[in-house]
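J.:
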Amino acid sequence: MVPRLVAFDLDDTLAPSKSPMPAPMAAALRALLDVVPVCIISGGKLGQFRDQVLARLDATDEELDRLHLMPTCGTRYYVHAARVPAVNGTGGVRTEHSEGADGKGGIWTLVYANDLTPAQVEEGFAVVEAEARRLGLWEERTWGPVLEDRGSQITFSALGQEAPLDAKKAWDPTGERKGRLRDAVAARLPELEVRSGGSTSVDITLKGVDKAYGMTHLAAQTGIALEDMLFVGDRLDAEGNDYPVKALGVPCHAVTGWEDTSAYTTALAARIAGFHGN
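Going by the working numbering, the first residue of the sequence shown is number 781, and it counts up by one from there.
(1) Enumerate in chain order the residues of its own chain whose CB-to-CB distance from S981 is below 8 Å, with the five nearest sequence positions on each side excluded.
(2) What residue range is occupied by the uninterrupted beta strand (DSSP E) comprising E973?
(3) Secondary structure at I1004, three-state DSSP: helix, strand or coil?
(4) Relative to the C-alpha of E1007, which candidate in M781, P1024, V1030 has its C-alpha closest?
(5) Considering only residues of the stretch 827–869, which uninterrupted beta strand (DSSP E) runs meet the minimum length of 3 residues and lie entirely inside it, listed in chain order?
(6) Tell me the DSSP secondary structure of M1009 in three-state form.
(7) Taking contact to mean at least 3 C-beta pairs separated by less than 8 Å, is the stretch 890–905 in contact with the stretch 978–992?
(8) Would a C-beta distance cut-off of 8 Å place R930 and K825 closer than the cut-off?
(9) Quick check: the Cα distance between D845 and L812, rounded to an integer number of angstroms?
(10) Check whether the Cβ atoms of T852 and D1014 sit closer than 8 Å, and answer yes or no.
(11) Buried or exposed: which applies to D952, given that a residue is buried once 16 or more other Cβ atoms fall within 10 Å of its Cβ?
(12) If we require 3 or more residues per run, which beta strand (DSSP E) segments fall completely within the stretch 886–966?
(13) Label P970 either buried or exposed according to how many other C-beta atoms from any shown protein chain fall within 10 Å of its C-beta, with 16 as the threshold for buried.
(14) Measuring CA to CA, which of V782, F788, R784, R856 is closest to W1038?
(15) When you compare each of A1050, L1010, F1055 to I820 by their alpha carbons, which one comes out closest?
Okay, structure coming up:
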């Protein structure tokens, strides 16, 4: 298969969780952007994409024009400002600056946003905190925000958004703790979607929103059929947050971390370049 677009998960696929993308991965991603459009889809917000990827990518404007950003599982969709799609989506089009610490990252256009209402955010915060405390999962020692309003998504991070990677890996290695919290919150918020997110997180969005939702909207926005895309992620198992993409029927490739992704992406870029005679 030679895909017409390649989509990636972010945490533990392109970079360690909440950490900058390593240089070898950045080089591999740039090589892929030279031959095919790329999408990054994750439960994180745009700032996470900026800090982890854009500030490390050192991409040209031409490469950025081929990059699609889908924070919060595709409930928000951004393209490089030089390229504004004809279809504006439900949220209208507005330009937002997204510059990394080194001044790079470009200017990005928000094509659509499907945000939660203030009332839904308030109720979601209250329910998640109450259930986390009841289940003994509300930690006293945290790093950064535990509850975040990401506009189109509420995120609970048990140890905080800035927790060290080792602490996050140790908190719930089997996913059992997140699963219990997800089930308890979902029972109290039946009108919303509640799912396990990253290593210590639970995400809440509008009903029916997951990465399959984002990929479906990506196909509509780009005109590229789902069967002509390729998705790369580290959680394609039945309990993983990448699995909905696989269940949707998108061709997928499973990776075990950024090193695996880097090697695979480098080989994929060379194969696509060869196919097109570059």
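Ideal placement from N, C-alpha and C gives every residue a C-beta, glycine not left out.
T.: Inspection of the coordinates gives the following:
(1) Position 201 of the sequence shown, counted from the start, is the residue given in the question as residue 981. Correct list, in chain order: G823, T935, F936, S937, A938, K958.
(2) The residue given as residue 973 occupies position 193 in the sequence shown. Taken as a continuous stretch (DSSP letters only), the beta strand (DSSP E) holding E973 covers 972–976.
(3) On the sequence shown, residue 1004 is found 224 positions in, with the first residue counted as 1. I1004 falls in the coil class under three-state DSSP.
(4) Along the sequence shown, one-based indexing puts residue 1007 at 227. With distances taken between Cα atoms, E1007 lies closest to V1030.
(5) 847–850, 856–860
(6) In the sequence shown, counting from the first residue as 1, residue 1009 sits at position 229. Strand, per DSSP.
(7) yes
(8) In the sequence shown, residue 930 corresponds to position 150, counting from 1. In the sequence shown, residue 825 corresponds to position 45, counting from 1. The answer is yes: Cβ separation under 8 Å.
(9) Residue 845 sits at position 65 when you count from the first residue of the sequence shown. Residue 812 sits at position 32 when you count from the first residue of the sequence shown. C-alpha separation (whole angstroms): 13 Å.
(10) Within the sequence shown, the letter at position 72 stands for residue 852. Within the sequence shown, the letter at position 234 stands for residue 1014. Not closer than 8 Å, so no.
(11) Along the sequence shown, one-based indexing puts residue 952 at 172. Answer is buried; the Cβ neighbour count reaches 16.
(12) 887–893, 927–929, 934–937
(13) As a first step, residue 970 is located in the sequence shown; it is residue number 190 there, counting from the start. Classification of P970: exposed, given that the 10 Å Cβ count is below 16.
(14) Position 258 of the sequence shown holds residue 1038. Measuring from the Cα of W1038, the nearest candidate turns out to be F788.
(15) Taking the first residue of the sequence shown as position 1, residue 820 is located at position 40. For I820, the nearest C-alpha among the options comes from L1010.
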